[in-house]
Amino acid sequence: MIPIEWMPPLMFGGLVLFMLIGYPVAFSLAALGLTFGFIAIHEGFFTLDFLQAIPSRVFGNVLSNELLLAIPFFTFMGSVLERCGLAEDMLDSMGQLFGPVRGGLGYSVILVGFILGAITGTVAAQVIAMALISMPVMMRYGYNMRYTTGVLAASGTITQLVPPSLVLIVLADQLGKSVGDMYLGAWGPSVFQIVLFAAYTFVLGIIKPDHLPPVPKEARTLTGWALWKKCLMGIIPSAVLIFVVLGTMMLGLTTPTEAGAMGAVGAIVLAVMHHKEFSRAGRIILYAGLVACALGIVVDLLNWPNIVFRFAFAIVCAAIIVLCLEAARIAELRSLIKQAYETTMRITAMVAFILIGSTCFSVVFLGVNGEPWLEHMLTSLPGGAWGFLAFINIFIFFLAFFLDFFEIAFIIVPMIAPVAQHVLSPIVGADAALIWFGVILCVNMQTSFMHPPFGFALFYLRGVAPKEVKSSDIYWGALPWVGLQLVMVALVMALPILVTGLLGGPAKDATKIQIEVPLPEQIPLDLK
Amino acid sequence: MDAGAGGGGRNGRVGIRDSVVGNNQGPRPERGGNGPAVEGDIVKALLWLSGAIDWCNEKLGFVTNLLVLIAVLISAGNAMSRYAFNLSSNAWLEVQWYMFALIVMYGASYTLRRNEHVRVEIFYLMLSERAQLWLDLICTILFLLPVCLLLAYLSWPFFKLAYDTNEWSQNAGGLIRWPIKFVLPSGFVLLALQGLSEIIKRIAAIEGLAKVDAHYERPLQ
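Chain order of the listed sequences is F and B. Per the working numbering, the first sequence starts with residue 1, numbered consecutively. Per the working numbering, the second sequence starts with residue 1, numbered consecutively.
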């Protein structure tokens, strides 16, 4: 009755319709997929046995997927960090340091947003924490309201792009690329993005000086060495944590998943250090652990006898265990950790079920020849590869109005990945094509948090902003930053070197990669 | 939103029961007769069933919650001991994703009970509370129940094959494989049961027999 050619477009239309109903996406998707599965069986396109592929794919690609295990680990890490007061301390000290410069509070928000993004990856936590601390200060010193709300929301969403972002892990999984490469590809654009944000702040400071006035020096509660010390106290533990997560991964010591777990343990240690009930004995053990860690690294570098290294490392492990026990001892931290893992469990189950739902959909979609249909449609766009990129980005931009990145990554990305590989390979080479594509999508999906009026960063901001901040200020304030993010999308598209510059080189220390601006000399040879 | 996660469920359940008892004891003596009493008993039995399902999934949720923490510790510990002492085995690696599978499949029903599966809520939030209840009711009957039962049915042979062949991991020192495949059918059945419980609660709420906290808030990311 129904020709098989009609099935893919019908499924696509049904997808939009079913999602908009407002029932949980995971189940709507599964229902849609299975309904069409039965129509297809009825029409004789395949038999019930074909649907047997669903459980084995759910088991193989979702449940036994070690990479997806990173989702609970990173979520847990972010959940602990958002409650432990690290962001507050950093914003306070950085704000005082940069305050006297014109637009200084803006720079401090952007910088802290970047550092927090490199530690963890939850937009909600970041926007809320930063808005609570910085918004009152910025309002007090007469910052323009729209600039204030915009910079806070935008700096909160930077975390999506800065490794070790969960988005990049999920995209790497869906695109079939290694997480390490994805991270290397994302560094260029993420550094570039904060430069762009800072440049906007700088230009605004020149054009409209009264929008971001300097804070009088007398407003500092800390001066001189004490101020620097507080800044360093915020940055050094963060840097250590960044190394624990990214460094160990880039050096090949841990898998991305284990790096997430290490980060989660690191976050607990950091929370203990930050807590006022942290005991003196604990502090001594912490220092002993740090010294042993330094010793261990030196010993490892000098190739000294293994036994010394193991001894040093045993002390480090013991120190970590003691600090975790300390966390269990302090009631406040205990409830913090409990809340963190409970939230994490629900988010993990929710996210993985979207993937299970989309597996049901995609198995049937493949079964009714959806892939050739989609490929034909996308490759017949005018403008070749650039037409394809432009179309996909506009499509994702509008999709991002009502879907968030997990849904886009799990439903849309797997469908267009094979086409992207095929179409983009001539531009940047077969190996880098999907990484470039993934980073473009990632930058693009950042905007989904910033769209007025549904953008979630704005929603969180509304939740914590004082009453005198008008919703219209938040919406209008976001627009220039959405514009900047779109400029970023265009830049990453126009300059693939931003992404591919770091790829293909030897594995580097993550802390070096951070400050390195990609140089033209680093183009992999296979591009020519 | 997360505060009091442990105690909230129990209170919610008691709340439903209390209000049912209150509602039933009110009209029953006045009406008399056999019919309403039987009807009341059915309502009571159904709500008891819903409460029992909620209780089971709540307990399972407690376990899966803890699994998150345990998985973190195992994974970090495994990475460190492998680096420093060359101590590691496939069993420790596999047990991590075994836990992930348990978290996903058994945690989903707990998440459903908390109404925390993400929705595209543009139009949903425009609906009145009553319309939201109706939408949830219809979609649970049309989407969730058939999907879960069908997936449980489809995944049963998948488990059965592994069980019959007594499947073990192919990796050296790996774990036995078939028990973890059991989480697929059992997890979908649990989810269907939770769906049943949600249906009962939604009907009760629409009929005004019980108050249900059907409030939806998008999960934080």
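Heads up, the beta-carbon is just placed ideally off N, CA and C, and yes, glycines get one too.
Within 8 Å, strictly: CB atoms of residue i and residue j
i: B:Ile200; j: F:Thr348; result: no
i: F:Val269; j: F:Leu212; result: no
i: F:Tyr143; j: F:Leu91; result: no
i: B:Gly107; j: B:Thr64; result: yes
i: F:Cys360; j: F:Gly33; result: yes
i: F:Ala400; j: F:Met445; result: yes
i: F:Ala186; j: F:Leu161; result: yes
i: F:Val58; j: F:Ile356; result: yes
i: F:Thr120; j: F:Gly78; result: yes
i: F:Ala267; j: F:Val464; result: no
i: B:Leu135; j: F:Tyr23; result: yes
i: F:Ile396; j: F:Thr149; result: no
i: F:Gly367; j: F:Phe12; result: no
i: F:Thr500; j: F:Trp436; result: yes
i: F:Gly37; j: F:Val364; result: yes
i: F:Met182; j: F:Gly438; result: yes
i: B:Ile122; j: F:Phe73; result: no
i: F:Ile242; j: F:Ala118; result: yes
i: B:Ala205; j: B:Leu133; result: yes
i: B:Ala79; j: F:Ala261; result: yes
i: F:Ala259; j: F:Met249; result: yes
First through last residue of the alpha helix (DSSP H) which encompasses residue i
i: F:Met77; result: Ala70 to Glu82
i: F:Arg334; result: Ala331 to Gly367
i: F:His42; result: Val25 to Glu43
i: B:Asn90; result: Asn90 to Arg113
i: F:Thr148; result: Met145 to Thr157
i: F:Val109; result: Gly104 to Ile119
i: F:Gln485; result: Ser471 to Ala494
i: F:Gly14; result: Met7 to Leu20
i: F:Pro237; result: Gly224 to Ile242
i: F:Ile497; result: Ile497 to Thr500
i: F:Met450; result: From DSSP, F:Met450 is part of no alpha helix (DSSP H); its letter is neither H nor E.
Proximity test, residue i beta-carbon vs the ligand NAP heavy atom, cut-off 7 Å
i: F:Val80; result: The ligand NAP is absent from the structure shown, which contains no ligand whatsoever.
Where residue i falls, given that 16 or more other Cβ within 10 Å makes a residue buried
i: F:Val482; result: buried
i: F:Pro372; result: exposed
i: B:Gly22; result: Only weak support is given to the placement of B:Gly22: the predicted model assigns it a pLDDT of 38, under 50, and the value that follows is read from those uncertain coordinates. That one is exposed.
i: F:Gln174; result: buried
i: F:Thr47; result: exposed
i: F:Thr221; result: exposed
i: F:Phe398; result: exposed
i: F:His376; result: exposed
i: B:Tyr98; result: buried
i: B:Gln170; result: exposed
i: B:Glu94; result: buried
i: F:Ile2; result: exposed
i: F:Pro9; result: exposed
i: F:Leu17; result: exposed
i: B:Val20; result: The predicted model places B:Val20 with a pLDDT of 40, which falls under 50 and marks its position as unreliable; any figure quoted below should be read in that light. Its Cβ being crowded by 16 or more others within 10 Å, B:Val20 is buried.
i: F:Leu519; result: With a pLDDT of only 36 at F:Leu519, under the threshold of 50, the placement of this residue in the model should not be trusted; the figure read from the coordinates follows. F:Leu519 is exposed by the Cβ-count criterion.
i: B:Gly51; result: buried
i: F:Phe406; result: buried
i: F:Ala294; result: exposed
i: B:His215; result: exposed
i: B:Asp41; result: exposed
i: B:Gly208; result: exposed
i: F:Val358; result: Note that residue 358 of chain F corresponds to Ser in the displayed sequence, not to Val. When all chains shown are included, F:Ser358 counts as buried.
i: F:Lys177; result: buried
i: B:Lys225; result: Residue 225 of chain B falls outside the range modelled here, since chain B spans only 1 to 221, and no answer is possible.
i: F:Ile307; result: exposed
Cβ distance (whole Å) where residue i is taken to contact residue j below 8 Å
i: B:Ala152; j: B:Ala192; result: 7 Å
i: F:Met529; j: F:Cys231; result: The requested residue 529 of chain F is not part of the displayed model; chain F covers only 1 to 528.
i: F:Val127; j: F:Ala457; result: 5 Å
i: F:Met450; j: F:Ala31; result: 31 Å between Cβ atoms; not a contact.
i: B:Gly173; j: B:Ala91; result: 6 Å
i: F:Pro189; j: F:Met7; result: At roughly 38 Å, the Cβ-Cβ gap does not stay under 8 Å, so F:Pro189 and F:Met7 are not in contact.
i: F:Thr536; j: F:Glu66; result: Because chain F spans 1 through 528 in this model, residue 536 of chain F falls outside it and cannot be assessed.
i: F:Pro163; j: F:Leu246; result: 6 Å
Would you mind listing the alpha helix (DSSP H) stretches within the segment 252-324 of chain F that are 4+ residues and don't spill past its ends, in chain order?
256-274 and 280-302
Kindly provide the ranges of any alpha helix (DSSP H) runs that are 4 or more residues long and lie completely inside the segment 372-440 of chain F, ordered along the chain.
384-399 and 413-428
Every unbroken alpha helix (DSSP H) within the segment 165-220 of chain F, with a cutoff of 4 residues, ordered by chain
166-175 and 179-207
Contiguous beta strand (DSSP E) assignments of at least 3 residues, all confined to the segment 154-197 of chain B:
none
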